[in-house]
Amino acid sequence: MEPEIHMLPQREALCVTRTGMSNGSFSGVAHEAFTALTGYIAANGLWDSMAECIGICPDNPAITPAEECRYQAGFILRGDVPTGEEVELVTIEAGRWAVFIHEGSYDTLSGTWSSIYRNWLPTSGMALRDVPPYEVYFNTVATSTSEDFRTAIHIPVA
Numbered sequence: 020m021e022p023e024i025h026m027l028p029q030r031e032a033l034c035v036t037r038t039g040m041s042n043g044s045f046s047g048v049a050h051e052a053f054t055a056l057t058g059y060i061a062a063n064g065l066w067d068s069m070a071e072c073i074g075i076c077p078d079n080p081a082i083t084p085a086e087e088c089r090y091q092a093g094f095i096l097r098g099d100v101p102t103g104e105e106v107e108l109v110t111i112e113a114g115r116w117a118v119f120i121h122e123g124s125y126d127t128l129s130g131t132w133s134s135i136y137r138n139w140l141p142t143s144g145m146a147l148r149d150v151p152p153y154e155v156y157f158n159t160v161a162t163s164t165s166e167d168f169r170t171a172i173h174i175p176v177a
């Protein structure tokens, strides 16, 4: 498992946050958050301002209780957009990122995350930055079967 290393600029994302993991997965709250977010985007005619579809995982489930872990469903922005009651702008910090590609169902993402932190990071010679990691979703249930999903996991490194 070898990542590509990228220097990325600071970016803004339009996000909706939900809380709670079940069996090590954000599947339930991710669906709720994306439903709220895409409803807001559609109702306000904002699709032209949306770029990459992302999920931000700001809490470490090894430290934070599962029911308190946050998941932020979002889209990287191409321009300025209005925010709403539960829709917020989240800054993704500039810097160095190790990017891993996960292929397959979202149900197996937690195994890839575990392997990154358990196997790759300790031997990489890199240290984590104090910035939340995030995922970029290249396809969805609307465009592909779960076996064909591709997800880029972005780990902030120094």
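Residue numbers (our numbering): 20 to 177. Glycine is no exception: its CB is placed at the ideal position from the N, C-alpha and C atoms. Predicted model only: the values in this text are computed from it and were never measured.
Asked                                                                                                                                                   : Found
Thinking C-beta only, is residue 73 closer than 8 Å to residue 94?                                                                                      : yes
Rounding to the nearest angstrom, what Cα-Cα distance links residue 106 and residue 100 in this structure?                                              : 11 Å
Work out the CA separation of residue 36 and residue 109 for me, nearest whole Å.                                                                       : 10 Å
Only counting the same chain, and skipping five residues up and downstream in sequence, which positions put a Cβ closer than 8 Å to that of residue 60? : 33, 66, 69 and 94
So which of 175, 176, 162 and 158 has the shortest CA-CA distance to residue 169?                                                                       : 158
Where do the ends of the beta strand (DSSP E) carrying residue 146 lie?                                                                                 : Where residue 146 is concerned, there is no enclosing beta strand (DSSP E), given that its DSSP letter is neither H nor E.
Whole angstroms are fine: how far does the CA of residue 150 sit from the CA of residue 129?                                                            : 19 Å
Quick one: is residue 135 buried, meaning 16 or more other Cβ sit within 10 Å of its Cβ, or exposed?                                                    : buried
Check whether the segment 170–177 and the segment 116–133 touch, using three or more Cβ-Cβ pairs below 8 Å as the test.                                 : yes
So the candidates are 29, 89, 23 and 46; which of them puts its Cα closest to the Cα of residue 112?                                                    : 29
Using a threshold of 8 Å, state whether the C-beta atoms of residue 92 and residue 49 are closer than that.                                             : yes
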